[in-house]
Amino acid sequence: MNGARSLLTTLVDAGVDVCFANPGTSEMHFVAALDTVGGMRGVLTLFEGVATGAADGYARIAGTPAAVLLHLGPGLGNGLANLHNARRAHTPMVVVVGDHATYHKKYDAPLESDIDAVAGSVSGWVHRSLRPADIAADTMAALDAARRGVVSTLILPADVSWSDGAGPAPAASEPEEPAVDGDAVRAAAAALRSGERAVVLVGGDAT
Numbered sequence: 002m003n004g005a006r007s008l009l010t011t012l013v014d015a016g017v018d019v020c021f022a023n024p025g026t027s028e029m030h031f032v033a034a035l036d037t038v039g040g041m042r043g044v045l046t047l048f049e050g051v052a053t054g055a056a057d058g059y060a061r062i063a064g065t066p067a068a069v070l071l072h073l074g075p076g077l078g079n080g081l082a083n084l085h086n087a088r089r090a091h092t093p094m095v096v097v098v099g100d101h102a103t104y105h106k107k108y109d110a111p112l113e114s115d116i117d118a119v120a121g122s123v124s125g126w127v128h129r130s131l132r133p134a135d136i137a138a139d140t141m142a143a144l145d146a147a148r149r150g151v152v153s154t155l156i157l158p159a160d161v162s163w164s165d166g167a168g169p170a171p172a173a174s175e176p177e178e179p180a181v182d183g184d185a186v187r188a189a190a191a192a193l194r195s196g197e198r199a200v201v202l203v204g205g206d207a208t
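Be aware that the sequence shown starts at 2, since it is given in the numbering used here, and climbs by one per residue.
Below, the structure written as structure tokens:
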């Protein structure tokens, strides 16, 4: 199994069934894997802002992490506005960003950029997979982070995607619901009982 299939299989096994995508040449093995891994629906978009906006909206409505596939740093840059919104809304999203092959980075190709730094501005978790054998575990770590309400970005070099030696991650356990902050509840109750005009802003499952 190559890295791309490992990533997709791990996502599907963990309950992620849709990936909004604006791929390029670096992601072709990921796109090919969409045809071979059952249970994952690939939704092609013509612009990265559409892909990230659709993933944000889908995850908010479905209440489960959505995946989005982007092409290198420029593709990530084109999707930043909606990724910013997703970060502020604590949307569970896994962003897969394709990158040049690891051995090609030294040539500073026209689309070369600091993907890690760009992703860090809108993500609560950023990681770069460097070996096919690590992709399944890296994907599960991205999902764990997303389920805590952050945008997680997994950077996938092309050669790691196409190389064999990977496998799916073991079945994931159900994520624990985060405990409610008692101080926040007491503060809201005090505001409502104060007799003053009060507004309580809630989000996530509270709505």
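All C-beta atoms in this analysis are idealised placements derived from N, C-alpha and C, irrespective of residue type, glycine included.
| Check | Outcome |
| --- | --- |
| Are at least three pairs of beta-carbons, each pair with one atom in the stretch 66–82 and one in the stretch 126–141, less than 8 Å apart? | no |
| Do the stretch 85–96 and the stretch 140–153 meet, that is, are 3 or more Cβ pairs less than 8 Å apart? | yes |
| Roughly how far, in whole angstroms, is the beta-carbon of P158 from the beta-carbon of H101, given that I think they are within contact range, below 8 Å? | 7 Å |
| Once you ignore the five residues that flank V201 on each side, which residues in its own chain have a CB closer than 8 Å to its CB? | A189, A192 and L193 |
| Mapping DSSP to helix, strand and coil, what is A118? | helix |
| For a quick check, are the C-beta atoms of H85 and V123 less than 8 Å apart? | yes |
| Decide yes or no for the touch test of the stretch 36–51 against the stretch 103–113: beta carbon pairs closer than 8 Å, at least 3 of them. | no |
| Taking T53 as part of the beta strand (DSSP E), name the residues at either end of that continuous run. | Here T53 belongs to no beta strand (DSSP E); instead the alpha helix (DSSP H) covers E49 to A63. |
| Can you list, in chain order, the residues of its chain with a C-beta nearer than 8 Å to that of M141? Leave out the 5 residues immediately preceding and following it. | T11, A15, A170 and A173 |
| Whose C-alpha, out of G50, D160 and A5, is nearest the C-alpha of Y104? | D160 |
| Measuring straight from C-alpha to C-alpha, what distance separates T26 and I62? | 31 Å |
| Grouping DSSP H, G and I as helix and E and B as strand, with all else coil, what is M141? | helix |
| Comparing alpha-carbon positions, which option in L71, A34 and W126 lies nearest G99? | L71 |
| Please report how far the alpha carbon of D115 lies from the alpha carbon of E197, in whole angstroms. | 50 Å |
| Tell me the residue span of the alpha helix (DSSP H) that contains T10. | G4 to D14 |
| Indicate the three-state DSSP secondary structure (helix, strand or coil) for R129 in the structure shown. | strand |
| Near F48, which residues of its chain fall below 8 Å by C-beta distance, leaving aside the five closest residues on each side in sequence? | N23 and N79 |
| Could you tell me which of R89, V203 and S162 sits nearest to V152, measuring between CA atoms? | R89 |
| Using a threshold of 8 Å, state whether the C-beta atoms of T154 and A185 are closer than that. | no |
| Are the Cβ atoms of H30 and S162 separated by less than 8 Å? | yes |
| Please report the distance separating the alpha-carbon of G4 from that of G168. | 8 Å |
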